[in-house]
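Per this note's numbering, the sequence shown starts with residue 25, numbered consecutively. Glycine included, C-beta positions come from ideal geometry on N, C-alpha and C. Contents: one structure, followed by commentary.
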Amino acid sequence: MATKHIPTRTHDTTTAPAVSPTSAARPLAVLRAALGLVFLWAFLDKAFGLGYSTPGERSWLNGGSPTNGFLGHVEVGPLQSLFRGWAGSPVADGLFMLGLLAIGLALVLGIGLRIAAVSGALMMLMMWLAEWPPAQHTSTGEATGSSNPLVDYHVIYAIGVIVVALTAAGDTWGFGRQWKALPFVRANKWLG
């Protein structure tokens, strides 16, 4: 009797290659630029009234207040009176617009990402506190529209700006390397 040969199956024991810094660099650069455009677009729309969230007649350049529409309608949370007090203040307007512009440009260009991450995360924290997602009802008893009491887009944006700073995402498709090579940045590492 002849023996019959039965082919055996071998299992592929190789694993997928680990994510290398170079394979993650491009997606992180795209994330960096996209986050930058979020901040930059908010600045442009509020400054010029491009008609998305800010109509032309309420633009900053036409005398409108970029903080009044958001902070003036805060109706929930432990800091409600503080935020409403800031609404429409020229100082709050100026700082908010400067923050949007500086964070947006830093992220798009890939420079000063440490400062952009800290200031962007703080701005998102303040906006999260103003919206106060844990609340289900406003002070007038109406539904807040919050769909998640902990993680909303402010938290995602804050995490995103921190991640792109920690991973030197400005070095790919940005000016991060050139920025970090500048003498005043080398002398002040926190600017990197």
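Excluding the 5 residues flanking residue i on each side, which residues of the same chain have their C-beta closer than 7 Å to its C-beta?
i, result
"Gly123", "Ser143, Met147"
"Val132", "Ala57, Gly60, Leu61, Leu64"
"Gly96", "Arg108, Ala111, Gly112"
"Ser77", "Asp69"
"Asn92", "Ala111, Gly112"
"Leu153", "Gly101, Leu103"
"Gly158", "In the sequence on display, residue 158 carries Pro and not Gly. So the qualifying residues of the chain are Pro173."
Out of curiosity, what's the CA-to-CA distance linking residue i and residue j?
i, j, result
"Thr162", "Glu155", "10 Å"
"Phe107", "Thr46", "43 Å"
"Gln160", "Gly169", "7 Å"
"Gly118", "Gly136", "20 Å"
"Gln202", "Gly165", "53 Å"
"Ala140", "Gly134", "10 Å"
"Ser83", "Leu125", "15 Å"
"Ala71", "Thr196", "30 Å"
"Arg210", "Arg138", "13 Å"
"Ser89", "Pro114", "8 Å"
Take residue i and list the residues in its own chain whose beta-carbon comes closer than 8 Å to its own, dropping the five residues that flank it on each side.
i, result
"Tyr181", "Leu59, Val62, Gly144, Met148"
"Ile127", "Gly60, Phe63, Ala140, Ser143, Gly144, Met147, Val185"
"Ala167", "Gln160, His161"
"Asn86", "Gly73, Gly80"
"Ala116", "Thr91, Leu95, Trp110"
Leaving out five residues before and five after residue i in sequence, what residues of the same chain have Cβ atoms less than 6 Å from its Cβ?
i, result
"Phe94", "none"
"Ala193", "Leu52, Ala53, Arg56"
"Gln104", "Val98"
"Met151", "His178"
"Gly80", "Gly73"
Give the DSSP bridge partners of residue i, in chain order.
i, result
"His161", "Ala167"
Would you verify that the beta carbon of residue i is, or is not, closer than 8 Å to some beta carbon of chain B?
i, result
"Leu106", "Included in the structure is just one protein chain, with no chain B present."
Where do the N-terminal and C-terminal ends of the alpha helix (DSSP H) with residue i fall, by residue?
i, result
"Val100", "No alpha helix (DSSP H) holds Val100; DSSP gives it neither H nor E."
"Lys204", "200-205"
"His175", "One detail in the question is off: residue 175 reads as Val in this sequence, not His. From DSSP, Val175 is part of no alpha helix (DSSP H); its letter is neither H nor E."
"Leu215", "No alpha helix (DSSP H) holds Leu215; DSSP gives it neither H nor E."
"Ala141", "137-155"
Notebook entry, point to check: Which residue spans inside the segment 47-114 form an unbroken alpha helix (DSSP H) run of at least 4?
Noted result: 92-95, 104-110
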